[in-house]
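In what follows, a structure is listed as structure tokens, so that the remarks can point back to it.
Residue numbers (our numbering): 166 to 212.
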């Protein structure tokens with residue numbers, strides 16, 4: 166086969182913006198909080 170490039174192939178991926186990282190950290194923190202409080206609730210109610 167030939168090594169022909171498609172028109173969009175030379176574009177590099179755009180850098181991840183700090184705002185996107187902040188959103189993921191916040192959402193991850195909320196998810197972690199929900200999991201931990203859920204586990205604590207199950208443990209406390211179970212004993």
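Glycine is no exception: its CB is placed at the ideal position from the N, C-alpha and C atoms.
Under a three-way DSSP split, which group does residue i fall into?
i, result
"residue 183", "helix"
"residue 197", "helix"
"residue 210", "helix"
"residue 169", "coil"
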